[in-house]
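Visitor: Could you have a look at this structure, given as structure tokens, before my questions?
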Amino acid sequence: MSIPLSWYLILAAALFCIGLFGVLSRKNAIAILLGIELMLNAVNINLVAFWRYQDPVKMTGQVFAIIVFAVAAAEVAVGLALIISVYRRRKTVIADEIDLMKW
Amino acid sequence: MTADRIIFLLTAGVILGSAIMVVVTRKLIHAALWLVAALFGVAILYGILQAGFLAVVQVVVYIGAIAILFIFAVMLTRKETLEKGTQTRPNWWLPGILGLIILIGLIILITGHIDFNRTAEQIPTNIDTLRLLGVALVSPDAFVLPFEIASVLLLAALVGAVFVASGKKE
Amino acid sequence: MRNEWLYIGIFLVIGIIVPIVPLVFSRLVAPRKTNPIKQSTYECGIETVGDSWVQFKAQYYIFALVFLVFDVETVFLFPWALSIKQFPLFVVMEGILFISILVAGLVYAWRKGMLEWE
Amino acid sequence: MVFVNDPIKYLDAVIRDLLTGWGLSNGLSTVIIYFIGITVLIIFAMVLDIFLVWVERKVVARFQDRLGPNRIGPFGIIQPFADIIKLIIKEDITPGGADKFLFNLGPVLAISSVIILWAILPISSKIFGVDLNVAVLYLVAAGALGTLSIIVGGWASNNKYALLGAFRMVANMISYEIPMVIALLIPTILADSMSVQGITQAQGGMWFAFLSPLALIIFLISAIAELGRSPFDLNEAESEIVAGFHIEYTGMKFGLFYAGELLHAFTFGGFIAVLFFGGYGGFFGLEKIGLFSWLSNPFVQAIVFLAKAMFGYWVIMWIKYSMPRIRIDHMLAFNWKFLTPLALVVLVNTAILGKVLAGFPNWIYVLGMFSSNIVIGFITIQILRIYGRKQRNTLLKNSSTNGKNQEQVA
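Going down the list, the sequences are from chains A, B, C and D. Once you know that position 51 of the first sequence is 51 in our numbering, the rest is easy, because the numbers rise by one and skip nothing. Plus 103 on top of the position in the second sequence (first one is 1) and you've got our numbering. Plus 273 on top of the position in the third sequence (first one is 1) and you've got our numbering. Plus 391 on top of the position in the fourth sequence (first one is 1) and you've got our numbering.
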């Protein structure tokens, strides 16, 4: 393992920023969720890299990563259900047009 | 330049390239499939990091379930995805600059930290990390509570999502 | 461990390449004389009606949803399954608690009528 | 003599000597040896696949009281090669609105997702690709790639029937993945290992098929559903949606889907053998007796394994050619309302009983496990019987109320 830890961290940072860009720049609500998935994966890369480089016997990093999997699954399930529900009523998935809560 | 580093750089290139395609592709189906490529790259990364369990779980959960759910959702909301024209907001350059600033800041922070330049030691061969993970997840003085709470979270997500998606039409 | 994943990686690469070989070979040998009729969508011989992207039942999505939650939870059971032998009975009970929470979700979806195909 | 006892290690040493003799580093020669080994393994799988085409056609012919291919070569064994030549020289048509790259990716991914399973298939104790410690989940992960291939192929064809077939198939595959994963947990618990070698060796004394016959049945059913074979072949219900997700595929691309399905069925036969029938071993301790020590020879083990896998494949074919197709609502209801709860009950039973009976002598353990499975199976059948009777009564009541119309129609 001749890869410095910083490489992983930079990769994760870049992935996170790409995800952030996607979340903020996309119009489509499903595409925004895609960006969030990228961000969660960036976090997971960090967690697993730290697990490997700190102390592989302590499983904290991996357990955290598993919890992130569960959170990601829950987020996708509820998020997409909301989008589909809104789509059925309003016939739109554009985040800016979903403005029921504005008034 | 060792073989390790070459493999890492190739994987990183795949991940970042696919991630960029995810956020810029116009067709949403393609964006979802690029996401699959990026997630697969992350799984390979876990393989390089010797977290075998996470690598397969990444494929099973992300590619086998989450990506499929995305594709289903894209196909169910069809009109908007066929829409010609732009898929980004008019002021898309603002988050672009924001992301770039954050990225540069993070890279300065990471490279400035001496401790992050070290490489990992070999995992001793007598340690089975898979079994250790199982022990950590179930032994009462470790992570049994997060383990159970994760299942409660998923139950809540299932109940909520089923309730929302079933949506009796008024 | 590392060599195992290296092996899997090489296997993936060759596993992708091998099926491409007959496709490339076929590309070289097979005739290519295309025309609009040949390229049109096949629908039992009649002409295509409407858009190919038909509206699907939302039911497919519900099943995918239930599947996602179950998939994540059952995958989490594997580390538990591996630690049963070395721990006393209460660890088994932890897993069973986990499973019963899972079942509660299934029962909810069932009672809600979400598992019916209308 | 060394070659006979451990062929892979012997060949590895020979080639490594040769390569390091040429001045290559140890790491590079490892990669080259992996390349050679993997290529040989995959080519073996592909040749076997060609052979399976012949087996399938021959067996289905016998099931349908025909002779099957018998013109080219002895018993028609050259027939699949003729098929391949035909498929290669056929014109390859890409439909007009198709997404070219994804259209080609679909079939390639479909067969790749099967081929990668051969990386972990334990052909014998010495001849195998790699002994992953997460092999059982690797099997599920490869299935996830297969699901993806179908939705990619169906979507890229730009045909509503293809997309509809892909949707049905994917709904089918993902639903049945749940009981399959749960059924995979049971050998994991029994063997206390997730590696296929560990699971095989744990069955040296007793097959898991006897410890948990219900898990075997659940795994078999969900494996057939995962394969998309009859009775779960509603993805290609010809009468409703023309031919399913591969409707627009012609020539070699269709051939890849077809070959992938056959190899997948055989590979699952192999995994059934590994998980429940002791894989290459499982001779109930017979190989320890001096007279039968030849049973531990890797080549004998490989033959035993392939025979068991072929038997599993034959069972899958047998079911395919003697069952009608199931409607999609029945299929999904069967999975979520019957198979998944049953699998969870069997899992809980295995976990608790395995823990409780752990201290007892072996025969009590085996007997307890087996009889508990029988009891669960019996209770299940009783519940099904009560439910079926109720359903029948409501149906009869309905038909008697509008019986007049029915009679006229009849």
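Note that the Cβ used here is the ideal one computed from N, Cα and C, for glycine as well.
Since L341 (chain C) meets chain A, which of its residues come closer than 8 Å, beta carbon to beta carbon?
Guide: A73, V76, A77
Visitor: Please go through the same chain and pick out, in chain order, the residues whose beta-carbon is closer than 8 Å to the beta-carbon of K272 (chain B), but skip the five residues on each side of it.
Guide: Its pLDDT being 47, under 50, K272 (chain B) is placed unreliably in this model, and the value from its coordinates should be taken loosely. Excluding positions up to five away in sequence, the list is empty.
Visitor: Does any residue of chain C bring its CB to less than 8 Å from the CB of E273 (chain B)?
Guide: Note on E273 (chain B): pLDDT 39, under 50, position unreliable in the model; the coordinate value appears next. Chain C contact via Cβ: absent.
Visitor: Using beta-carbon positions only, say whether W546 (chain D) and A557 (chain D) come within less than 8 Å of one another.
Guide: yes
Visitor: My output table needs one value for G282 (chain C): the three-state DSSP class, helix, strand or coil.
Guide: helix
Visitor: Which ranges would you report for the beta strand (DSSP E) in the segment 192-267 of chain B if only whole runs of at least 3 residues count?
Guide: none
Visitor: According to DSSP, is P752 (chain D) part of a helix, a strand, or is it coil?
Guide: DSSP, read as helix, strand or coil, puts P752 (chain D) in coil.
Visitor: Taking only three categories from DSSP, how would you classify F623 (chain D)?
Guide: coil
Visitor: When the Cα atoms are used, what is the spatial distance from I205 (chain B) to G414 (chain D)?
Guide: 48 Å
Visitor: Could you check where the alpha helix (DSSP H) with Q455 (chain D) kicks off and where it finishes?
Guide: Where Q455 (chain D) is concerned, there is no enclosing alpha helix (DSSP H), given that its DSSP letter is neither H nor E.
Visitor: In this structure, does DSSP put F674 (chain D) in helix, strand or coil?
Guide: DSSP places F674 (chain D) in the coil class of the three-state scheme, outside both helix and strand.
Visitor: Any contact between the segment 466-474 of chain D and the segment 681-691 of chain D? By contact I mean 3 or more CB pairs, one from each, below 8 Å.
Guide: Touching, no.
Visitor: In chain order, what residues of the same chain have a beta carbon less than 7 Å from the beta carbon of V691 (chain D), not counting five sequence neighbours either side?
Guide: W685
Visitor: P4 (chain A) by DSSP, collapsed to three states: which one?
Guide: coil
Visitor: Closer than 8 Å, CB to CB, is F156 (chain B) near chain D or not?
Guide: yes
Visitor: Name, please, each residue of chain B whose Cβ falls closer than 7 Å to the Cβ of M387 (chain C).
Guide: Those are V265, S269, listed as they occur along chain B.
Visitor: Could you list which residues in chain A have their beta carbon closer than 7 Å to that of V345 (chain C), in chain order?
Guide: F69, A70, A73
Visitor: On the three-state DSSP scale, how would you describe N28 (chain A)?
Guide: strand
Visitor: Cα separation between L581 (chain D) and T741 (chain D)?
Guide: 8 Å
Visitor: Pull up the distance between the alpha-carbon of I18 (chain A) and that of A31 (chain A), whole angstroms please.
Guide: 13 Å
Visitor: Starting from the beta carbon of S503 (chain D), find every residue of chain C whose beta carbon is closer than 7 Å, and list them in chain order.
Guide: G288, I289, P292, listed in chain order.
Visitor: Let me check understanding here. Comparing Cα to Cα, which of A:N44, A:I66, A:L9 lies closest to I207 (chain B)?
Guide: A:L9
Visitor: Using DSSP with H/G/I as helix, E/B as strand and the rest coil, what is P361 (chain C)?
Guide: coil
Visitor: Going along the chain, which unbroken runs of the alpha helix (DSSP H) with 4 or more residues stay wholly within the segment 115-157 of chain B?
Guide: 131-151, all fully within the segment 115-157 of chain B.
Visitor: According to DSSP, is P304 (chain C) part of a helix, a strand, or is it coil?
Guide: coil
Visitor: Express the C-alpha separation of G79 (chain A) and A264 (chain B) in angstroms, rounding to a whole number.
Guide: In this structure, the CA atom of A264 (chain B) is about 8 Å from the CA atom of G79 (chain A).
Visitor: Considering Q592 (chain D), what are the terminal residues of the alpha helix (DSSP H) in which it resides?
Guide: 587-593
Visitor: Taking Cβ-Cβ distances shorter than 8 Å, what residues in chain D pair up with V163 (chain B)?
Guide: L528, V531, A532, A535
Visitor: In chain order, what residues of the same chain lie with their CB nearer than 8 Å to the CB of A801 (chain D), ignoring the 5 residues before and after it?
Guide: Residue confidence for A801 (chain D) is low, a pLDDT of 44 falling below 50, so the modelled location carries little weight; the figure read from the coordinates is stated next. Once the five neighbours on either side are set aside, A801 (chain D) has no close Cβ partner at all.
Visitor: Quick check: is the beta carbon of A377 (chain C) nearer than 8 Å to any beta carbon in chain D?
Guide: With 8 Å as the cut-off, A377 (chain C) does not count as an interface residue toward chain D.
Visitor: For L606 (chain D), which residues from the same chain have a beta carbon less than 6 Å from its beta carbon, with the 5 sequence-adjacent residues on both sides left out?
Guide: The residue you asked about is not Leu; residue 606 (chain D) is Ala in the sequence shown. Only A574, I577, V737 meet the Cβ criterion.
Visitor: Where does I463 (chain D) sit, in a helix, a strand or coil, going by DSSP?
Guide: Three-state result, I463 (chain D): coil.
Visitor: Exposed or buried, which one is I281 (chain C) when buried takes at least 16 other CB atoms within 10 Å?
Guide: Buried, by the Cβ-count rule.
Visitor: List the residues of chain B that V57 (chain A) touches, going by C-beta distances under 9 Å, in chain order.
Guide: Under the 9 Å cutoff, chain B gives I226, P227, I230, T232, L235.
Visitor: Where does the unbroken alpha helix (DSSP H) through L403 (chain D) begin, and where does it stop?
Guide: Per the sequence shown, residue 403 (chain D) should be read as Asp rather than Leu. Where D403 (chain D) is concerned, the enclosing alpha helix (DSSP H) stretches over 398-412.
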